[in-house]
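Undergrad: So the protein lines, in turn, are chains P and F.
At position 121 of the first sequence (counting the first as 1) the number is 121 in full-length UniProt numbering, and the numbers step up by one without a gap.
At position 187 of the second sequence (counting the first as 1) the number is 187 in full-length UniProt numbering, and the numbers step up by one without a gap.
Beta carbons: idealized from backbone N, C-alpha and C, even for Gly.
A quick note: this is a predicted structure, and the numbers were derived from the prediction, not measured.
This is the structure, below, for whatever I ask next.
2 protein chains.
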Amino acid sequence: MRTPSPDPTPDQAHIGVIGAGQLGQMLALSGISLGLSFTFLDPSAQAPAGRLGRHIQAEYDDELALEQLAVECDAITLEFENVPVSAVASIARHNQIHPGERPLSIAQDRVHEKRFFESLGIPVAKYHAIDSFEDLKSAVADLGYPCILKTRRLGYDGKGQVVVRHSDDLEPAWASIRGNPSILEQMIPFTREVSIISVRSTRGECAFYPVSENQHRSGILHRTEIHMDDPAQERAEEYARHVLDGLDYVGVLAIEFFEHQGRLVANEMAPRVHNSGHWSQNGAVTSQFENHLRAILGWPLGSTACTGHSIMINLVGIIPPRAPILALPGVHLHDYGKEPRTGRKLGHINIVADTKESCRKYATLIEQMIG
Amino acid sequence: MRTPSPDPTPDQAHIGVIGAGQLGQMLALSGISLGLSFTFLDPSAQAPAGRLGRHIQAEYDDELALEQLAVECDAITLEFENVPVSAVASIARHNQIHPGERPLSIAQDRVHEKRFFESLGIPVAKYHAIDSFEDLKSAVADLGYPCILKTRRLGYDGKGQVVVRHSDDLEPAWASIRGNPSILEQMIPFTREVSIISVRSTRGECAFYPVSENQHRSGILHRTEIHMDDPAQERAEEYARHVLDGLDYVGVLAIEFFEHQGRLVANEMAPRVHNSGHWSQNGAVTSQFENHLRAILGWPLGSTACTGHSIMINLVGIIPPRAPILALPGVHLHDYGKEPRTGRKLGHINIVADTKESCRKYATLIEQMIG
């Protein structure tokens, strides 16, 4: 058992991170500037962040590895929400970990997540928990078509989801879900999808980034645009504050909403730094990565204000040649250093410009380059 | 001998850096985002940048280590100007290294540097090369008091310099220089010291950052302020362009000037990223570190425009507690992760604000905190 130090978060703290993907890498790039050092726990030898600190190569349920991480670090966090809750509990016996078990267990189960949003008065799409084909048929009878069947657990980037538009779709949909505990949700004919990146520190200080408008391609985030003075800002902040305070949450948390007839309907939340907040690396005074670290260390949060008009474009499957991209002013490349693979997020491009028009012009040019 | 690849600077290049101090660390933090990886050559086991890539722990004249660096990297650069010229020559036999032998050998000798500036029509203070006490006496007779005696080689942060104000100072000054080849310079009653960070790529593209106004304490840079539309900008750019083109230079190069009666008088140059350019990490569209990497890789240079009013303050000998610093808006801490030691540069703080007034207000608060 670690003896709590008199200063639980020393200025040159050593941070433990469960997961060593690109989010871990960007946390480290941000934190090393602040004088922090890092240890990552990740089973993959090729994990991008592994080279930016110590890499404990072990499975997420390896008790010895978890204890090692807990004991050698001053504060522990995670970069993806599917870390086993038991791993978080195991670390919590030795040291502080943020976010903790409760937000994680809620975010890992779409039914718990919906119920949690409802408990806070945050609108969600109508839904039913599905444990059998009978459940599915009666849920469809209630919700009508179209609706969407999702596994309760372990879905991401559109995986584990299937749209049900017609009674003929029911059997294939159920088969594709392989009988896993699922949720059937009414499909909302939304006008746009927005998300908010919020952050709350160990001292209870909260900050909210400007809402982003997100476009997906094949279930993967493709493009995020930030609108200063977005009409959805006030309501999104209100909901995010309910979630942060309701969970006594610490760190960055993202919530995705559908906008439907001027209302925000919560889709899901991610208890971590989030792809729709990557624009903040170049387009905000303080990035989501730095603010996540400030939050878990109890440091004052940094300003979330925009420094210009921002668009982020994901690089999926391929990183285009650099020279024509870097020739555009205000364009910043972030390459995660991963092996290219179809459908894999390899990097992103942040565009910051003085005006919405020039920002969109460069975004269009970049979309042409990436095809 | 390395076989030149058809694409000499692949997009995910491996960069070799001679030296692994804070400048190397900041180059790496910037380059890893761009998809680059790094190998550092540095004799110190504690060198800060060593943890951000492969660290070849060897002396700078270790021929085997130099060859290893040359052969395993796609492009090689350096983070301090006192790398032995023979080391650069040794690498140049195997691979490209920027900056190369000529700028380095000029920058390493204050007399060569002065002559080089003169050859380009860039004003310098009156000076004499000093090889003996007799030389010193006759030089003083020509230049008058006060003047400043500096070793020709290996001076930095005010080390190897002594002011001569009176004939009684001559013998102690000569003794303090220990008979090393030196230069006696007229002391210019300058109104301010400014520097310009310039960059030139392998393709000959040049870019210039806004001139910074620098204040020193005990010979060490203390504070840098950026004035947009500084009256010295045009002339400083003109001189920097002469230097860049005159050397067929590649990479970032800094030139320090004294401003005297509205004229710029060149003091010295640094063929590397420079402390007076650190503000660009948070206050410019593209940092000097990213532009140095873009330059040596032949990529288009990024915009050097300011994103606000910027002041940088060095943290020498001590890093103050973070919380009160980070509570100020637009304030960015850069901690090099080094062991504290009197007179050692441990980090810096960049302040970016919309107005000169608020930027200076925060700078004053920070100066009070660091004492």
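1. State yes or no: is the beta carbon of PRO6 of chain F nearer than 8 Å to at least one beta carbon in chain P?
2. Rounded to whole angstroms, what's the CA-CA distance from GLU63 of chain F to ARG217 of chain F? Just pull it up for me.
3. So, is ARG165 of chain P buried or exposed, given that buried needs 16 or more other C-beta atoms within 10 angstroms?
4. Whole angstroms are fine: how far does the CA of MET312 of chain F sit from the CA of VAL352 of chain F?
5. How many whole angstroms separate the CB atoms of ARG272 of chain P and VAL252 of chain P, which I take to be in contact at a CB cut-off of 8 Å?
6. Closer than 8 Å, CB to CB, is ALA323 of chain P near chain F or not?
7. Note down, in chain order, each residue of its chain lying with its Cβ closer than 7 Å to the Cβ of LEU104 of chain F, except the 5 sequence neighbours on either side.
8. Relative to the C-alpha of GLN22 of chain F, which residue among F:GLN12, F:ILE15, F:GLY50 is closest?
9. Between which residues of its own chain and LEU301 of chain F is the CB-CB distance below 7 Å, once the five residues before and five after are set aside?
10. Using a Cβ cut-off of 7 Å, pull out every chain F residue sitting near VAL17 of chain P, in sequence order please.
11. Residues of chain F with CB closer than 8 Å to the CB of ARG294 of chain P, please, in chain order.
12. Going by C-alpha distance, which of F:THR286, F:ILE319, F:ALA65, F:ARG102 is nearest LEU247 of chain F?
13. For LYS150 of chain P, report the span of its beta strand (DSSP E) as first-last.
14. Consider the Cβ of SER182 of chain F: report whether some Cβ of chain C lies at a distance smaller than 8 Å.
15. Looking at the secondary structure, which residues open and close the beta strand (DSSP E) in which ARG102 of chain F lies?
16. CA-CA distance, SER5 of chain P and GLY121 of chain P?
17. LYS338 of chain P and LEU326 of chain P look like a contact to me (Cβ under 8 Å); what is the Cβ gap, rounded to whole Å?
18. If you check the beta carbons only, do PRO340 of chain P and GLY371 of chain P fall under 8 Å apart?
19. Applying the criterion that 16 or more other CB atoms from any shown protein chain within 10 Å of the CB defines a buried residue, is MET269 of chain F buried or exposed?
20. Applying the 10 Å Cβ sphere with the 16-neighbour rule, what's the burial state of VAL163 of chain F?
21. Run through chain P and tell me which residues come within less than 9 Å of GLN57 of chain F, C-beta to C-beta.
22. Nearest-angstrom Cα distance between SER303 of chain F and LEU328 of chain P?
23. Assign LEU315 of chain F to one of two classes, buried (16 or more other C-beta atoms within 10 Å of its C-beta) or exposed (fewer than that).
24. Buried or exposed for THR191 of chain P, going by 16 or more other Cβ atoms inside 10 Å?
25. Determine the closest residue to TYR145 of chain F out of F:GLY16, F:ASP168, F:PRO123, with distance taken between C-alpha atoms.
26. Which residue's Cα is closest to the Cα of THR211 of chain F: F:ARG223, F:VAL124, F:GLU237, F:VAL111?
27. Hey, would you say residue 382 of chain P sits closer than 8 Å to LEU78 of chain P, going by beta carbons?
28. Are the C-beta atoms of ALA77 of chain F and some chain P residue less than 8 Å apart?
29. Locate the alpha helix (DSSP H) running through VAL140 of chain P, then write down its first and last residues.
30. Are there 16 or more other CB atoms within 10 angstroms of the CB of ALA266 of chain P, so buried, or fewer, so exposed?
31. How would you list, in chain order, the residues of chain P whose beta-carbon sits under 7 Å from the beta-carbon of VAL250 of chain F?
32. Reducing DSSP to helix, strand and coil, say where ARG54 of chain F ends up.
33. Between ALA45 of chain F and the rest of its own chain, which residues show a CB-CB distance below 7 Å, the 5 nearest in sequence each way excluded?
34. Once the 5 residues before and after HIS98 of chain F are set aside, which same chain residues still bring their CB inside 6 Å of it?
35. So, are the CB atoms of GLU259 of chain F and VAL194 of chain F less than 8 Å apart?
36. Alpha carbons only, please: which of P:LYS150, P:ARG203, P:TYR209, P:MET187 is nearest the one belonging to ILE197 of chain P?
TA: Let me spell this out:
1. With a pLDDT of only 40 at PRO6 of chain F, under the threshold of 50, the placement of this residue in the model should not be trusted, and no figure is reported.
2. 38 Å
3. exposed
4. 9 Å
5. 7 Å
6. yes
7. GLU81, VAL83, VAL85, VAL88, PRO271
8. F:GLY50
9. VAL199, SER201, GLU205, ALA207, ASN291, ARG294, ALA295
10. Within 7 Å Cβ-Cβ: nothing; VAL17 of chain P doesn't reach chain F, min ~15 Å.
11. LEU326
12. F:ARG102
13. 147-151
14. Structure shown: chain C not included; protein chains present are P and F.
15. ARG102 of chain F -> not in any beta strand (DSSP E); alpha helix (DSSP H) instead, spanning 101-107.
16. Low local confidence applies: a pLDDT of 41 at SER5 of chain P is under 50, so the model's placement there is unreliable, with the coordinate-based value given in what follows. About 40 Å.
17. That pair is no contact at about 20 Å.
18. no
19. buried
20. exposed
21. By Cβ distance, chain P contributes nothing, its closest Cβ being about 17 Å from GLN57 of chain F, past 9 Å.
22. 9 Å
23. buried
24. exposed
25. F:ASP168
26. Note that residue 211 of chain F corresponds to Val in the displayed sequence, not to Thr. Checked all of F:ARG223, F:VAL124, F:GLU237, F:VAL111; the closest Cα to VAL211 of chain F is F:GLU237.
27. Here chain P has residues from 1 to 371 only, and residue 382 of chain P is not among them.
28. This sequence places Thr at residue 77 of chain F; Ala is not what is there. For THR77 of chain F, the answer is no, since every Cβ of chain P falls outside 8 Å of its Cβ.
29. 133-143
30. buried
31. Those do not exist, as VAL250 of chain F stays about 16 Å from chain P at its closest Cβ, beyond 7 Å.
32. strand
33. GLN57
34. THR77, VAL250, GLY251, ILE296
35. yes
36. P:TYR209
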